[in-house]
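For the working numbering, add 622 to where a residue sits in the sequence shown, where the first one is 1.
Heads up: the structure comes next, in structure tokens.
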Amino acid sequence: MKAAEKFYISEILTITKEKLIKRIVKGKSIPSLYCITLPLGNVGVLEIYEYRELLKDYYRQRDVTVVGCAVSKQDAFVVLRRIVEDIRQQDSMFRIPEFFEEE
């Protein structure tokens with residue numbers, strides 16, 4: 623699992639962004655966390671997963687890129703909305719993977 627260069631975090635998360643990214647990349651346990659990822663299949667734009675789900679073998683064998691985190695599923699939708707608005711403002715072609723790469 624890896625974290626995108628542009629990484630969004632909920633305002634109500636108590637952990638720092640740097641510490642959160644480090645724990646995600648190492649696959650450490652983080653209670654009550656939801657992750658927004660680039661699509662794992664050929665369809666979709668962005669996906670929301672419970673972090674515990676991403677630690678399972680099925681997902682560990684895939685190239686999962688986390689682009690944002692939140693404390694609940696509802697909070698993840700708020701973060702997702704913020705991400706989509708930022709993408710829409712910066713890229714009229716709506717190129718999702720390129721948006722999260724380093725500028």
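Where is the CB? At the ideal position from N, CA and C, for every residue including glycine.
Cβ distance (whole Å) where residue i is taken to contact residue j below 8 Å
{"i": "residue 670", "j": "residue 698", "result": "5 Å"}
{"i": "residue 676", "j": "residue 623", "result": "6 Å"}
{"i": "residue 721", "j": "residue 644", "result": "That pair is no contact at about 23 Å."}
Residue of the options minimising C-alpha distance to residue i
{"i": "residue 707", "options": "688, 630, 623", "result": "630"}
{"i": "residue 655", "options": "691, 704, 710, 712", "result": "691"}
{"i": "residue 673", "options": "715, 647, 710, 712", "result": "647"}
{"i": "residue 682", "options": "649, 701, 633, 637", "result": "649"}
{"i": "residue 633", "options": "711, 693, 713", "result": "693"}
{"i": "residue 653", "options": "662, 663, 661, 642", "result": "642"}
CA-to-CA distance, residue j to residue i, given in whole angstroms
{"i": "residue 696", "j": "residue 657", "result": "12 Å"}
{"i": "residue 665", "j": "residue 659", "result": "13 Å"}
{"i": "residue 689", "j": "residue 625", "result": "6 Å"}
{"i": "residue 598", "j": "residue 702", "result": "Absent from the structure is residue 598, since the part of the chain shown begins at 623 and ends at 725."}
{"i": "residue 686", "j": "residue 679", "result": "12 Å"}
{"i": "residue 705", "j": "residue 639", "result": "16 Å"}
{"i": "residue 684", "j": "residue 668", "result": "16 Å"}
Quiz item: Can you list the alpha helix (DSSP H) stretches of 4 or more residues lying completely in the stretch 637 to 725, in chain order?
Solution: Listed in chain order, they are 639 to 648, 673 to 676, 679 to 682, 695 to 712, 718 to 721.
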